Amino acid sequence: MSAVTTTSAAVATGLATEERTSRLGKGVRLTGFYLVILIIALIFILPYLMSIFAAFKTLPQILAQSPLRPPTSPTWSNFSTLFSQYDFGRYLANTLLVTVILTAGQVTFSMMGAYAFARMEFPGRDSLFWLYLMTLMVPNIVTLVPLYVLFAHSHLLNTYWAIFLPYVLGVPYQVFLMRQYFMTIPKEVMEAARLDGCSEGRILWKIIVPISRPILITATLLAFIFGWNNFMWPLIVTNSNSLNVLTVGIANFDSNFGVEWNLVLAGALVALIPMVILFAIFQKHIVNSISLTGINR
Amino acid sequence: MSVAAATTTTTVPRQEHVETASKADRRRVRTAFAFLAPSLIGLILFLVIPIIFVIVLSLVQWNMLTPMKWVGLSNYVNIFEFDGFGHSLIVTLYYVILNIPIQTAFALGMAMLLRRKQAGTEVIRIIAVLPFLSTPVAMGVVWNWIFNPSTGLVNQFLGHLGITGPAWLSNEATAMPVIAFANIWQYAGYNMLFFLAGLAAIPPAMYEAASLDGAGKWEQFRRVTLPLLRPTMLFVLVTGVIGSFQVFDTVYVMTAGGPGNATEVANLNIYNTAFAGFRIGEASAMSVVLFLIILAITIAQFRYFNKRITYEIA
Chain A
0 MSAVTTTSAA VATGLATEER TSRLGKGVRL TGFYLVILII ALIFILPYLM
50 SIFAAFKTLP QILAQSPLRP PTSPTWSNFS TLFSQYDFGR YLANTLLVTV
100 ILTAGQVTFS MMGAYAFARM EFPGRDSLFW LYLMTLMVPN IVTLVPLYVL
150 FAHSHLLNTY WAIFLPYVLG VPYQVFLMRQ YFMTIPKEVM EAARLDGCSE
200 GRILWKIIVP ISRPILITAT LLAFIFGWNN FMWPLIVTNS NSLNVLTVGI
250 ANFDSNFGVE WNLVLAGALV ALIPMVILFA IFQKHIVNSI SLTGINR
Chain B
0 MSVAAATTTT TVPRQEHVET ASKADRRRVR TAFAFLAPSL IGLILFLVIP
50 IIFVIVLSLV QWNMLTPMKW VGLSNYVNIF EFDGFGHSLI VTLYYVILNI
100 PIQTAFALGM AMLLRRKQAG TEVIRIIAVL PFLSTPVAMG VVWNWIFNPS
150 TGLVNQFLGH LGITGPAWLS NEATAMPVIA FANIWQYAGY NMLFFLAGLA
200 AIPPAMYEAA SLDGAGKWEQ FRRVTLPLLR PTMLFVLVTG VIGSFQVFDT
250 VYVMTAGGPG NATEVANLNI YNTAFAGFRI GEASAMSVVL FLIILAITIA
300 QFRYFNKRIT YEIA
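See the structure below:
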């Protein structure tokens, strides 16, 4: 009897210590886990944070202080210099204009093409769709030189048109993405509308667009991010300061004033901050749509 | 298949309504092509014609001022002999090798770490994706500062440890790794999302079965996670390799190909040849060669992974 109690007591204390060590181990592991994800977060956040700090300091302050130190007396002077003495206002306006046109056209025309492929019947549909798919595999660089030559011969170099024209009529990837989505909409929906005498345009606008909002937002975000960040093509087709978009303006400014970190970093932020805001508004949607586009691609 | 069948049935209208049906049919086809027209015109003008045109251009000598001169395949020889395109390809390959394995491992590691539903993981997942949106040119400027030998954070930090850091971007040994780092920073979180989606699709029963068979954590990762992630891995690698072979923006801003030509990647060489030297033929030949290399690598990756997938899962 007593033997049994001692053993059971021993077992109990054994269990207790085991539990304690495992809880301790769990605590250590949890701390380690949070330490690691904190470091990961810092890696991604620090470049932004440091640039923001620096953009609100004067050049002597940047050179004298640690980059990790927030500005003690924040100044807007770097931004006002960029917008008044240099042409960043112009660059920003150009970028907005070109990106909005590019996005509106690309999404609208890709959507129309996608609808035709998904829910309309016409001869040669399958082979044309294959043609669209084939071009997905062609890297951008392949068309760069011939496109430049074609634009030069059409006297389109150094115009706003040149910057957005190759992307504004719709791109195969967007057509493909939206077609896959439209294929999931039951045919009956459109057939019923056709029997009621609805034109295809009305069907697309009144029925398809409202129920396809998720994919349309995805397409819009992808087009906007692409347009905003695009660099090589605008660099090639424009060579006047008044037509520069932000990316080209920043690159030129950097090569001229590379050591004036206060101005250069503030300039970089003019391009980066709108994207951060866009991300803050649409983060859930962007995260979801990346996973979605990846699986479908 | 069903699509083709549907097309043929609609083009053969019922006998009694031949007149009206074919009229309606013709109208429907016209509407379809009207819907398709913008993207089709775009595709032909800005993709199909340039693709054919680049092959023609690669066979001529031309500076856009004097008339074109037919030179056959000699551009394809000259780009390697005189324009250092072989060097550019090696440099590009070096960049891809520095970039892709670390980026993929980092993305997968983060996905494994952040897959669990624990307080905080959601926030970090979102933060990690933010760089995907950041303008590469603007980030290049930021990295120029962070890796600046005297005023940058990296060397200041190393200075506190008593180490004199190198002039990162003007040193042949460190310039390319820093550019690769910039790219890893930008796309690791983006790729993590694909791994998270892939991991979520693995049935938990697979892990239970494995642990009943006595497989430890590492064994489970090797025998269950990795094989089942192959489709995701293929996607991440293929898109990553295709993108990396075309790196331009960050290189242009951070080193412009230097020091010397240590970081003159393929796209930069094409850019310089076409738009600084106006040697359109040579630049076109370079584009064609780069395209063929990317295509070959993509096909090789598909083959490798398809074989693995059928053998190990089926």
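Keeping their order, the protein sequence lines are chains A and B.
Position 201 of the first sequence, counted from 1, bears residue number 200 in numbering that gives the first Met the number 0, the numbering being contiguous throughout.
Position 271 of the second sequence, counted from 1, bears residue number 270 in numbering that gives the first Met the number 0, the numbering being contiguous throughout.
Glycine included, C-beta positions come from ideal geometry on N, C-alpha and C.
This structure is a prediction, so every number in the text was calculated from the model and none was measured.
Just reading off the alpha helix (DSSP H) that residue i is part of, what are its end residues?
{"i": "residue 271(B)", "result": "265-274"}
{"i": "residue 159(A)", "result": "159-167"}
{"i": "residue 102(A)", "result": "87-118"}
{"i": "residue 68(A)", "result": "Segment: none, residue 68(A) is in no alpha helix (DSSP H) and carries neither H nor E."}
{"i": "residue 61(A)", "result": "58-63"}
{"i": "residue 240(B)", "result": "229-243"}
{"i": "residue 193(A)", "result": "186-194"}
{"i": "residue 142(B)", "result": "135-145"}
{"i": "residue 259(A)", "result": "Looking at the DSSP string, residue 259(A) is not in any alpha helix (DSSP H), and its letter there is neither H nor E."}
{"i": "residue 210(B)", "result": "203-211"}
{"i": "residue 232(A)", "result": "231-236"}
{"i": "residue 175(A)", "result": "171-181"}
{"i": "residue 76(B)", "result": "73-80"}
{"i": "residue 178(B)", "result": "171-199"}
{"i": "residue 219(A)", "result": "212-228"}
{"i": "residue 120(B)", "result": "120-132"}
{"i": "residue 158(B)", "result": "152-159"}
{"i": "residue 217(B)", "result": "216-219"}
{"i": "residue 249(B)", "result": "248-253"}
Under three-state DSSP, which class holds residue i?
{"i": "residue 148(A)", "result": "helix"}
{"i": "residue 287(A)", "result": "helix"}
{"i": "residue 68(B)", "result": "strand"}
{"i": "residue 60(B)", "result": "strand"}
{"i": "residue 115(B)", "result": "coil"}
{"i": "residue 75(A)", "result": "coil"}
{"i": "residue 127(A)", "result": "helix"}
{"i": "residue 297(A)", "result": "Chain A is shown only over 0 to 296; residue 297(A) falls outside these bounds and no answer can be derived."}
{"i": "residue 0(B)", "result": "Residue placement at residue 0(B) is poorly supported in this model, since its pLDDT is 37, which falls under 50; the coordinates still yield a value, given next. Coil."}
{"i": "residue 41(B)", "result": "helix"}
{"i": "residue 138(A)", "result": "coil"}
{"i": "residue 122(A)", "result": "coil"}
{"i": "residue 153(A)", "result": "coil"}
{"i": "residue 84(A)", "result": "coil"}
{"i": "residue 106(B)", "result": "helix"}
{"i": "residue 162(B)", "result": "coil"}
{"i": "residue 305(B)", "result": "helix"}
{"i": "residue 208(A)", "result": "helix"}
{"i": "residue 226(B)", "result": "helix"}
{"i": "residue 262(B)", "result": "coil"}
{"i": "residue 278(B)", "result": "coil"}
{"i": "residue 55(A)", "result": "coil"}
{"i": "residue 244(A)", "result": "coil"}
{"i": "residue 148(B)", "result": "coil"}
{"i": "residue 239(A)", "result": "coil"}
Can you list, in chain order, the residues of its chain with a C-beta nearer than 6 Å to that of residue i? Leave out the 5 residues immediately preceding and following it.
{"i": "residue 254(B)", "result": "168, 174 and 262"}
{"i": "residue 80(B)", "result": "none"}
{"i": "residue 61(B)", "result": "67, 279 and 280"}
{"i": "residue 128(A)", "result": "116"}
{"i": "residue 168(A)", "result": "108"}
{"i": "residue 224(B)", "result": "none"}
Between residue i and the rest of its own chain, which residues show a CB-CB distance below 7 Å, the 5 nearest in sequence each way excluded?
{"i": "residue 0(A)", "result": "With a pLDDT of only 42 at residue 0(A), under 50, the local geometry of the prediction cannot be trusted, and the value read off the model is given with reservation. So no residue of the chain qualifies."}
{"i": "residue 154(B)", "result": "148 and 164"}
{"i": "residue 262(A)", "result": "77, 80, 81 and 256"}
{"i": "residue 172(A)", "result": "135"}
Roughly how far, in whole angstroms, is the beta-carbon of residue i from the beta-carbon of residue j, given that I think they are within contact range, below 8 Å?
{"i": "residue 38(B)", "j": "residue 108(A)", "result": "5 Å"}
{"i": "residue 47(B)", "j": "residue 59(B)", "result": "Not a contact, Cβ separation roughly 20 Å."}
{"i": "residue 162(A)", "j": "residue 106(A)", "result": "Actually they are not in contact, since the Cβ atoms of residue 162(A) and residue 106(A) sit about 17 Å apart, beyond 8 Å."}
{"i": "residue 249(B)", "j": "residue 182(B)", "result": "7 Å"}
{"i": "residue 50(A)", "j": "residue 141(B)", "result": "5 Å"}
{"i": "residue 273(B)", "j": "residue 282(B)", "result": "3 Å"}
{"i": "residue 243(B)", "j": "residue 95(B)", "result": "5 Å"}
Compute the minimum distance between the beta carbon of residue i and the heavy atoms of the ligand FMN, and state whether it is under 7 Å.
{"i": "residue 205(A)", "result": "The ligand FMN is not part of the structure shown, which contains no ligands of any sort."}
Here's a check: name, in chain order, each residue in its chain whose Cβ is nearer than 8 Å to the Cβ of residue i, leaving out the five neighbours to either side.
{"i": "residue 86(A)", "result": "240, 241, 243 and 248"}
{"i": "residue 170(B)", "result": "258"}
{"i": "residue 47(A)", "result": "271 and 275"}
{"i": "residue 219(B)", "result": "206, 209 and 210"}
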